[in-house]
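Numbering (UniProt numbering), first residue to last: 1 to 261.
Each residue gets a CB set at the ideal place from its N, CA and C atoms; glycine is no exception.
This structure is a prediction, so every number in the text was calculated from the model and none was measured.
Here's the structure we're looking at; comments come further down.
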């Protein structure tokens, strides 16, 4: 009898553990966002986080976007040439980049670079008792460490995605004109004809959500890390894995929301 009920017991424990973890993460997010409404306003820390998350992430996001646009142009040409619809390549590139690949790829790159770094920074402070020292000095550690990073993530990701949109379309243009022999004027005409402000705004909204998720998970895992250097490493790994999964999950949810709207 025990053998028959064991799978259900394990499933129940897993579900309850997941719900407990989701509840703790939600409360942690509320604490972090509530810090926006209370003084002091740590503007210098926010600017430092914006520099780290936004400006210093530009190279990896830019390279990813350029090559993604180039690959989309090549793959689209391979498929569309069978139906003599090569002129649609410009529209396919701009729609793919602005609506989906720009936000998702930028989010995944930032999750790998910034999410792990945030978890490691705050985790190191946790295991060396620096967070407890902040509390001793009458400083709210969540407001001091978490709130600035949440604000910076929400602001920086849309900026990165906007750059990724431009460079992704440029990558498709370079391949289409330089390798596939398209007319520059015709390619740009089809690109601008397929460019809609709604698609760009949806991509930027996704980016803001992804930035919030990445910084929230990095702060949460680092804040609750235990076990010295090994625990900090586990927190960084968990942040990257969870951020990547949630980016893809929320991408589908937001796409479905705006598709049915």
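{"Query": "DSSP state of residue 258 mapped onto helix, strand, coil", "Result": "helix"}
{"Query": "Contact between the stretch 115 to 127 and the stretch 203 to 211 (3+ Cβ pairs under 8 Å)", "Result": "no"}
{"Query": "Coarse secondary structure for residue 43, derived from DSSP in three states", "Result": "helix"}
{"Query": "Simplified DSSP state of residue 149, which is helix, strand or coil", "Result": "helix"}
{"Query": "Close-in-space but distant-in-sequence residues of the same chain around residue 28 (CB under 6 Å, 5 per side omitted)", "Result": "220"}
{"Query": "Minimum length 4: unbroken alpha helix (DSSP H) runs contained in the stretch 33 to 79", "Result": "43 to 53"}
{"Query": "The stretch 60 to 67 / the stretch 238 to 245 touching (three or more Cβ pairs under 8 Å)", "Result": "no"}
{"Query": "Of the listed residues 232, 175, 145, nearest to residue 296 (C-alpha basis)", "Result": "One cannot answer for residue 296 here, as it falls past the ends of the chain, which runs 1 to 261."}
{"Query": "Beta-carbon gap between residue 148 and residue 42 smaller than 8 Å", "Result": "yes"}
{"Query": "Distance, residue 9 Cα to residue 223 Cα", "Result": "30 Å"}
{"Query": "Range covered by the alpha helix (DSSP H) that runs through residue 100", "Result": "No alpha helix (DSSP H) holds residue 100; DSSP gives it neither H nor E."}
{"Query": "Per-residue burial, residue 138 [other beta carbons within 10 Å of its own, 16 or more giving buried]", "Result": "exposed"}
{"Query": "Cβ separation of residue 171 and residue 69, assumed to be a contact under 8 Å, to the nearest whole Å", "Result": "3 Å"}
{"Query": "Pair within 8 Å by beta-carbon distance, residue 169 and residue 97", "Result": "yes"}
{"Query": "Proximity below 8 Å, CB of residue 180 to CB of residue 77", "Result": "yes"}
{"Query": "Residue 227 - DSSP class collapsed to helix/strand/coil", "Result": "coil"}
{"Query": "Residue environment, residue 5, which counts as buried when at least 16 other CB atoms sit within 10 Å", "Result": "exposed"}
{"Query": "Whole-number beta carbon distance between residue 177 and residue 258, since they are thought to touch under 8 Å", "Result": "Between residue 177 and residue 258 the Cβ distance is about 32 Å, and since that is not below 8 Å, they are no contact."}
{"Query": "Alpha-carbon spacing of residue 183 relative to residue 191, whole angstroms", "Result": "12 Å"}
{"Query": "Residue 146, buried or exposed, once every other Cβ within 10 Å from all chains shown has been counted against 16", "Result": "buried"}
{"Query": "Run of the alpha helix (DSSP H) containing residue 93, from where it starts to where it stops", "Result": "89 to 96"}
{"Query": "Inter-residue spacing [alpha-carbon to alpha-carbon] between residue 126 and residue 232", "Result": "9 Å"}
{"Query": "Within 8 Å, strictly: CB atoms of residue 218 and residue 237", "Result": "no"}
{"Query": "Per-residue DSSP class, three states only, for residue 140", "Result": "coil"}
{"Query": "For residue 256 and residue 104, believed in contact at Cβ under 8 Å, the rounded distance", "Result": "In fact, because the Cβ distance is near 15 Å, the residues do not count as touching under 8 Å."}
{"Query": "Cβ-based burial, residue 269 [other Cβ within 10 Å; buried from 16]", "Result": "The chain is shown from 1 up to 261; residue 269 falls before or after that span and cannot be answered."}
{"Query": "Runs of alpha helix (DSSP H) lying entirely within the stretch 143 to 200, each at least 4 residues, in chain order", "Result": "147 to 178, 184 to 194"}
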